[in-house]
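Taken in sequence, the protein lines are chains A and B.
Under my numbering, think of the first position of the first sequence as 1, with each following residue one higher.
Under my numbering, think of the first position of the second sequence as 1001, with each following residue one higher.
Here the structure is laid out as structure tokens; the discussion comes afterwards.
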Amino acid sequence: MARYVIRRLLQAIPTLLGVSVISFVLVYNSPGDPILIRTFDPNITQETREILRRQLGLDQPWALQYIGWLTGVTLRNGDVVAEFDRQDTRCSFAAALNTTFCDNGGGILRGNLGTSIATNQPVWERLVERMPATFELSVSALFVSLLLGVPLGVLSAVRQASLFDGSVRVLAVVGNALPSFWFGLMLIFFFGVVLGWLPTGGRRTVSLTNEFDLLDRVRHLILPTIILAFGGIAGISRFMRTETLEVIRTDYIRMAKAKGVPANRVWFIHALRNALIPLMTILGPTIFGVLTGAVIVETIFSWPGMGRMTFSAAVQRDYPTVLGAVMFFALLTILGNLLSDILYGVVDPRVRL
Amino acid sequence: MKNRKISILAALLVSALLLAACPQPVPVAETALEAPASDAAVQGGVWVEGSSADATILNPILASDSASFDVLGWFFPSLLGQDPFSGAIVPTEMAESWDVSEDGLIWTFHLQDGVMWSDGEQVTADDFKFTYDAIASDLVETPRKANLDNIASIDVLDPLTIQVTYEEVKCDALNNLGLGWLPSHLYAEDFSDVMDSPLNEEPAVSAGPFIFNEWIRDDNATVLRNDTYWKGAPNMDGWIYKIVPDAGARLAQLQTGELDLIGVQPEQLTTVQLNPDLNLHKFQDDGYSYIGLNQANPENPQAGQDEDGNLVEQDPHPILSDLAVRQAIAHALDYDTIIENVYLGQGYQIAANVLPAVGWAHDPSLEPYAFDTDRAAQILDDAGWTDGDGDGVRECNGCATAEAGASLTIRLQTNAGNTTREDLGALVQDQLNSIGFDIQFEAIEFGTLVGELLGQTFDMVIIGWTGLGTDPNDDSFWHSKFDTPGSGFNFVSYQNARIDELLEQAVSVPGCAAEDRAPFYQEIQKIIHDDIPYVFVTGSVGNTGYSKKFNGTEPGPWSFYHNVETWSLAQ
């Protein structure tokens, strides 16, 4: 097992490198200029724009920018030490190469995701600030998806072709088809404005003290969790229905029924345990789905998480933030898939890793 | 039976949700009146403003977005005040008066005495000089470098007197002196810490009505009453800037009382007007929407001037350089329908580039272009744009600018996601196509559109200007020196030597008296109106919905919070 995990982690390195190259090329070659977007103002001169562009290194060819992002070392023609040498960036001039090397101590290879163009904050700091909010929402959505998706799927299979089964299947289709931004606004309007039962957005009731209040946090979590979990419930219930249908046609289930084991025990002890095993394989993609779905849900519900930050960074062409977030999400996806493989081995002894 | 009950319940819930989503037929009410002010000030209360975007940095010389200024505006003193109702520059902030030399080049500002930072240090002329010297420093990456344009020197004559010397007379120069001042006593003298200072995220001191409390990114920023504010401490305990990206969610939170103030979208007006707990502040904003018509060939963008400042003859746009085509477009649009249906009545037709709000420079005698499709069609016929093959699209049959047989096909672009502009684009396409144009409309991502605009590679664009301010000088839109592909804002490549001359004269009038400058701007408006580099669609109308939680609110078009220190919690 340990060898398998180490091998998978080592395999992740070229994967992440590939992700970095592809995302870097895509992001830097997408239309739109971060400097123009920030300075689309007649009162800002072209000279100012050029200074900003040069100071941020955006005047460099993308390959050099990529090396800089990867290693923290940037190269420039000529002796420009005086222009770029700073407290946090050390520059030296190599006369033989007529090149100035500047090292800002960063670079993704050294674990530094760079600095946001929009806010001048370290990208890692921006991510860390928003991680708790996103994890809080994602974990609760995942929990609700499993809590409701699994029994709905099992019951739907057990009562195949019944009204209940039909309703669950309709729910699965609706869950996948319903645009979350529309459904979210409907819930806000109904439960927030009309009934006044739940807050309409945010992670907490804002106040001058912003003190922690568990009940308040839970109330704010309910609506975004429902929206984010809706697709997950739909997917998991459909998956569980298919798996359970396969399991309940097997001989050992028939045998259990023939022995007179109570129906609930047959379905939820014997059938469910085996039907759950394949669920592990979709856990990784489900985690990824929840994280990506959070982009929309976080926007509608004013949830201060990573998804919303990544979306606004993309709109503002804040390259370092977008790339940092992409790398982070890629790492999470790899770890999610690894976790689901490991769990598969744990719950099914026949699978040897 | 139980299953059927569940299904019926589910159906009822879905129906309820759908019904809730449908607009209800409701009467349109007049703007709600503000609650009467009470005599005795009541302490306490918090005001929560909703915003679509969060601040990015709380430093007045590094910020470039309005959200940042919404928050940092509470802390940093500025030299000049602005009348909240007229927008005129007034001595209500740090400068209590000023003198101007006879040649108009030296401005001496006398500062308020006794204004203190919240840590007890006095706000002095040194803070002003430090701020502008920081902008000039190579160590500071700021988009505000242009604020130093035309300034020859800034001298501190004494702690309460500043002298600014200009290189030449420029009547709108005062606008560049409006930035917030940094507390110089908290920064290194060589500006080396300005970029990375923690003060950029947590301003430690304030000379405004509130002091910084907390900033949770993408969530909220909170400020507390500054008990030492020189105009008098506010009655309210604090102010919160809450980030709610979605417009529908912002309205919902205004209705539930979670927010006290939001910018109201046209389609949300009725909801706010009918709510007895809300006020609506409607005002003519300092902006307009327009369709920019590229006068030059988008396949060959050129600068408007050479290095010596001489006009460079442009490679003309094959269709839009024809004045007759521009006139036909101006007459073919049904402005009333556009304002009513696209802007939901929140707009007004304008004739040229100076808005009525700038009363002294605005020319009310100019008539906006009238909607007249027959006239538009006749203009095209007369100009040699006719539909020879009967396919509904006109071709050049003797036109002035295009090759014979070229069809009247023009691209029209705007930024995706702005539904108002997308709707306008569809309507413009429909109306122009009905008289023989072939308009190819597309909505593209804003960053891409900006690239096309400044790169001058577009044909027609739907966009708008906001924040034009109170001075009518808009030379960056029309002067040929700003026709610079890749950067200039005269991206429609408008060239007119007379306009260049008038724009220069209008800002260098000795004494800068309004009555002396006005004739220049009136001639400019006439020429712009006749040349049609822009088709002016509508002047902007702003709407702010706000709660009645406080008495004493007196919003003006130029400032909502100008008297915030006098607001008193409604009982």
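Cβ atoms here follow ideal geometry from the backbone N, Cα and C, with glycine treated the same way.
CA-to-CA distance, residue 1230 of chain B to residue 1122 of chain B, given in whole angstroms: In the second sequence, counting from the first residue as 1, residue 1122 of chain B sits at position 122. In the second sequence, counting from the first residue as 1, residue 1230 of chain B sits at position 230. In a straight line, the C-alpha of residue 1122 of chain B is about 11 Å away from that of residue 1230 of chain B.
Any C-beta of chain A under 7 Å from that of residue 1141 of chain B: If you number the second sequence from 1, residue 1141 of chain B lands on position 141. Judged by the 7 Å Cβ criterion, residue 1141 of chain B is in contact with chain A.
First through last residue of the alpha helix (DSSP H) which encompasses residue 978 of chain B: An answer regarding residue 978 of chain B cannot be provided, because it is not within the stretch 1001 to 1571 covered by chain B.
Below-7 Å beta-carbon distance, residue 42 of chain A vs any chain B residue: As a working note, residue 42 of chain A is residue 42 in the first sequence. True, the Cβ-Cβ gap to chain B drops below 7 Å.
Residue 332 of chain A to residue 289 of chain A span [Cα, whole Å]: Numbered from 1 along the first sequence, position 332 holds the residue referred to as residue 332 of chain A. Numbered from 1 along the first sequence, position 289 holds the residue referred to as residue 289 of chain A. C-alpha separation (whole angstroms): 12 Å.
At least 3 beta-carbon pairs within less than 8 Å: the region 153-161 of chain A vs the region 215-226 of chain A: no
Residue range of the unbroken alpha helix (DSSP H) whose run includes residue 38 of chain A: Here residue 38 of chain A refers to the residue found at position 38 of the first sequence. Segment 34-38, the alpha helix (DSSP H) holding residue 38 of chain A.
Distance, residue 88 of chain A Cα to residue 202 of chain A Cα: For the purposes of this step, residue 202 of chain A is taken as residue 202 along the first sequence, with counting starting at 1. For the purposes of this step, residue 88 of chain A is taken as residue 88 along the first sequence, with counting starting at 1. Whole-angstrom Cα-Cα distance: 36 Å.
Through-space distance from residue 223 of chain A to residue 1034 of chain B, alpha-carbon basis: What you label residue 1034 of chain B is simply residue 34 of the second sequence in a count that begins at 1. What you label residue 223 of chain A is simply residue 223 of the first sequence in a count that begins at 1. Bear in mind that a pLDDT of 44 at residue 1034 of chain B, under 50, signals an unreliable position, so the model cannot answer this.
The alpha helix (DSSP H) enclosing residue 1158 of chain B, as first and last residue numbers: Locating residue 1158 of chain B in the second sequence gives position 158, counting from the first residue. First-last for residue 1158 of chain B: 1151-1158, but that is the beta strand (DSSP E), not the alpha helix (DSSP H).
Outcome for residue 1294 of chain B when other beta-carbon atoms lying within 10 angstroms are tallied against a minimum of 16: In the second sequence, counting from the first residue as 1, residue 1294 of chain B sits at position 294. Buried is the call here.
Interface residues of chain A facing residue 1146 of chain B [CB-CB closer than 8 Å]: What you label residue 1146 of chain B is simply residue 146 of the second sequence in a count that begins at 1. Chain A residues near residue 1146 of chain B: 43, 44, 45 and 48.
Three-pair Cβ contact test at 8 Å for the region 1532-1548 of chain B versus the region 1175-1182 of chain B: no
Cα-Cα separation, residue 1250 of chain B to residue 1569 of chain B: Locating residue 1250 of chain B in the second sequence gives position 250, where the first residue counts as 1. Locating residue 1569 of chain B in the second sequence gives position 569, where the first residue counts as 1. Approximately 23 Å, taken between the alpha carbons.
CB contact below 7 Å: residue 146 of chain A versus chain B: Start at 1 with the first residue of the first sequence, and residue 146 of chain A comes out as number 146. Taking Cβ atoms only, chain B never reaches closer than 7 Å to residue 146 of chain A, which makes this a no.
Within-7 Å CB hit, residue 118 of chain A to chain B: Indexing the first sequence from 1 puts residue 118 of chain A at position 118. Yes, because at least one Cβ of chain B sits closer than 7 Å to the Cβ of residue 118 of chain A.
Buried/exposed call for residue 273 of chain A, threshold 16 Cβ in 10 Å: The residue given as residue 273 of chain A occupies position 273 in the first sequence. The residue in question, residue 273 of chain A, is exposed, as its Cβ has fewer than 16 Cβ neighbours within 10 Å.
Assigned exposure category for residue 1147 of chain B - 16 Cβ within 10 Å defines buried: Walking along the second sequence from the start, residue 1147 of chain B turns up at place 147. Taking a 10 Å sphere around the C-beta of residue 1147 of chain B, we find 16 or more other C-beta atoms and assign the residue as buried.
Bridge partner(s) assigned by DSSP for residue 1263 of chain B: Indexing the second sequence from 1 puts residue 1263 of chain B at position 263. B/1544.
Neighbourhood of residue 1446 of chain B by C-beta, 6 Å cutoff - its chain only, sequence neighbours within 5 removed: Here the question's residue 1446 of chain B lines up with position 446 in the second sequence. Correct list, in chain order: 1415.
For residue 1457 of chain B: DSSP bridge partner residues: As a first step, residue 1457 of chain B is located in the second sequence; it is residue number 457 there, counting from the start. DSSP lists no partner for residue 1457 of chain B.
Exposed unless 16 or more other CB atoms sit within 10 angstroms - verdict on residue 251 of chain A: Here residue 251 of chain A is taken as the residue at index 251 of the first sequence, counted from 1. Exposed, because fewer than 16 other Cβ atoms sit within 10 Å of the Cβ of residue 251 of chain A.
7 Å Cβ cutoff, residue 55 of chain A in contact with chain B: By 1-based counting over the first sequence, the position of residue 55 of chain A is 55. Residue 55 of chain A counts as touching chain B.
Spatial distance of residue 1521 of chain B from residue 1507 of chain B (CA atoms): Position 521 of the second sequence, counted from the first residue, corresponds to residue 1521 of chain B. Position 507 of the second sequence, counted from the first residue, corresponds to residue 1507 of chain B. When only Cα atoms are considered, residue 1521 of chain B and residue 1507 of chain B end up about 10 Å apart.
Residue 1155 of chain B CB to nearest heavy atom of the ligand ZN below 6 Å: This structure lacks the ligand ZN, and indeed carries no ligand of any kind.
Beta-carbon proximity of residue 1487 of chain B to residue 11 of chain A, cut-off 7 Å: Here residue 1487 of chain B refers to the residue found at position 487 when the second sequence is read from its first residue. Here residue 11 of chain A refers to the residue found at position 11 when the first sequence is read from its first residue. For the 7 Å CB-CB criterion, residue 1487 of chain B and residue 11 of chain A do not form a contact.
Under 9 Å (Cβ pairs) to chain B, residues found in the region 283-303 of chain A: 298, 299, 300, 301, 302 and 303
Assumed close pair residue 1252 of chain B, residue 188 of chain A - CB separation to whole angstroms, cut-off 8 Å: As a working note, residue 1252 of chain B is residue 252 in the second sequence. As a working note, residue 188 of chain A is residue 188 in the first sequence. Contact holds; Cβ gap of about 5 Å.
Per-residue contacts from residue 199 of chain A into chain B (C-beta, under 9 Å): In the first sequence, the residue the question calls residue 199 of chain A occupies position 199. Near residue 199 of chain A (Cβ distances below 9 Å), the residues of chain B are 1253, 1256 and 1258.
Whole-Å CB distance - residue 1399 of chain B paired with residue 1383 of chain B, under 8 Å assumed: Within the second sequence, the letter at position 399 stands for residue 1399 of chain B. Within the second sequence, the letter at position 383 stands for residue 1383 of chain B. By a beta-carbon distance limit of 8 Å, residue 1399 of chain B contacts residue 1383 of chain B. Their separation comes to about 6 Å.
Whole-angstrom distance between residue 1560 of chain B and residue 337 of chain A, CA atom to CA atom: In the first sequence, the residue the question calls residue 337 of chain A occupies position 337. In the second sequence, the residue the question calls residue 1560 of chain B occupies position 560. Cα-Cα distance, rounded: 52 Å.
Beta-carbon gap between residue 116 of chain A and residue 304 of chain A smaller than 7 Å: Counting from 1 along the first sequence, the entry for residue 116 of chain A is found at position 116. Counting from 1 along the first sequence, the entry for residue 304 of chain A is found at position 304. Result no, Cβ atoms of residue 116 of chain A and residue 304 of chain A do not sit closer than 7 Å.
Sequence-distant residues of the same chain with beta carbon closer than 6 Å to residue 1390 of chain B, five excluded per side: Taking the second sequence and counting its residues from 1, one reaches residue 1390 of chain B at position 390. Same-chain partners within the cutoff: there are none.
Residue 1306 of chain B versus B/1483, B/1068 and B/1081, residue with shortest Cα-Cα distance: Taking the first residue of the second sequence as 1, we reach residue 1306 of chain B at position 306. Put simply, of B/1483, B/1068 and B/1081 the residue whose alpha carbon is nearest the alpha carbon of residue 1306 of chain B is B/1483.
Short-range partners of chain A found in the region 1434-1447 of chain B, where Cβ spacing is below 9 Å: 1444, 1445, 1446 and 1447
Three CB pairs or more closer than 8 Å across the region 1144-1163 of chain B and the region 35-54 of chain A: yes
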